[in-house]
Amino acid sequence: MVATGDWRVSANCRNGDPDRLFVTGAKQRAARSICRGCPILTQCLAKALDEKIEFGVWGGMTERERRVMLKRRPDVTCWETFLTTAATREAHREAVPSAPMAQPIPISARRPAAAATSAGTPIREAA
Numbered sequence: 140m141v142a143t144g145d146w147r148v149s150a151n152c153r154n155g156d157p158d159r160l161f162v163t164g165a166k167q168r169a170a171r172s173i174c175r176g177c178p179i180l181t182q183c184l185a186k187a188l189d190e191k192i193e194f195g196v197w198g199g200m201t202e203r204e205r206r207v208m209l210k211r212r213p214d215v216t217c218w219e220t221f222l223t224t225a226a227t228r229e230a231h232r233e234a235v236p237s238a239p240m241a242q243p244i245p246i247s248a249r250r251p252a253a254a255a256t257s258a259g260t261p262i263r264e265a266a
């Protein structure tokens, strides 16, 4: 359950050494794994993006990954709204099965098209 006031009390990283999230290089992969399954992942990432926090792993993303997001979406003014909306859309997409895609009809199974005419003269199709 996520706390409604201070969301940080529900974080996976609330216990333990905070320095484990402020590492470089290959150690960042291990730091990101702390975030896996965290109930406040979206709020944490949004805070880091909204406040342009430059260091550490926040919301399961490294500073480099966050910089890429900020460059790709300079139009976003509130990351929490943006991320929450995107997550809601994704959950809805998974919950509502889409209609099966129509399969194309093989050329060999198609009926010959009616003879087209141009100025009253039938145009013959190549055999």
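Counting from 1, position 17 in the sequence shown corresponds to residue 156 in my numbering; the numbering is continuous, with no gaps. Built from N, CA and C at the ideal position, the CB exists for glycine as well. A quick note: this is a predicted structure, and the numbers were derived from the prediction, not measured.
Three-way DSSP call (helix, strand, coil) for residue i in this model
i, result
"A254", "Residue confidence for A254 is low, a pLDDT of 49 falling below 50, so the modelled location carries little weight and cannot support an answer."
"R153", "helix"
"C183", "helix"
"R212", "coil"
"A165", "coil"
"R206", "helix"
Per DSSP, cross-strand counterpart(s) of residue i
i, result
"C146", "Rather than Cys, the amino acid found at residue 146 in this sequence is Trp. DSSP output for W146 lists no bridge partner at all."
"W197", "M200"
Unbroken alpha helix (DSSP H) run spanning residue i, endpoints
i, result
"L222", "W218 to A234"
Identity of the residue in the options nearest residue i by Cα
i, options, result
"T216", "A185, E193, T181 and E204", "A185"
"A170", "T223, A234, F194 and Q182", "F194"
Under 8 Å: do the region 173 to 180 and the region 190 to 210 share three or more Cβ pairs, one atom per stretch?
yes
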